[in-house]
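S.K.:
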Amino acid sequence: MDRQDTMEYEDGNALAGPLGELFAPDVTVATGRCADCGLTAHVADLRVYAHAPGLVARCPSCDAVILRLVRAPDAAWLDLRGTVYMRVPLPPA
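In our numbering, the protein residues as written are 841 to 933.
Printed below as a string of structure tokens:
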């Protein structure tokens, strides 16, 4: 029997509340680590290029792509492949 068969799980709807808490605060004060060079910096420190189809944010140290954001009238796509993690400070509960 596969380990996944024996573990209980919830569907992705369980992420609605926790992710809603993360994306409500000002994300520009969040810190992330560049997957290329390891620099940890605030989102506000990234170099953002808006002349692409969407926004492309690059590391201020090595110029690697940290995130991409593309918006359409009915959806948004957020690609964080260039980050090792993103730390979003939350207000006190």
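Ideal Cβ placement from N, Cα and C applies to all residues, glycine included.
1. Straight-line CA distance for arginine 873 to valine 905?
2. Within 10 angstroms of its Cβ, does threonine 880 collect 16 or more other Cβ (buried), or is it exposed?
3. From what residue to what residue does the alpha helix (DSSP H) around leucine 862 run?
4. When DSSP labels each residue in this structure, what does alanine 897 get in the three-state scheme?
5. May I have the straight-line CA-CA distance separating leucine 909 from proline 858, to the nearest angstrom?
M.R.: For this structure:
1. Rounded to the nearest whole angstrom, the CA to CA distance from arginine 873 to valine 905 is 12 Å.
2. Under this definition threonine 880 is an exposed residue.
3. For leucine 862, the enclosing alpha helix (DSSP H) covers residues 856–863.
4. Strand at alanine 897.
5. Leucine 909 and proline 858 have their alpha carbons spaced roughly 21 Å apart.
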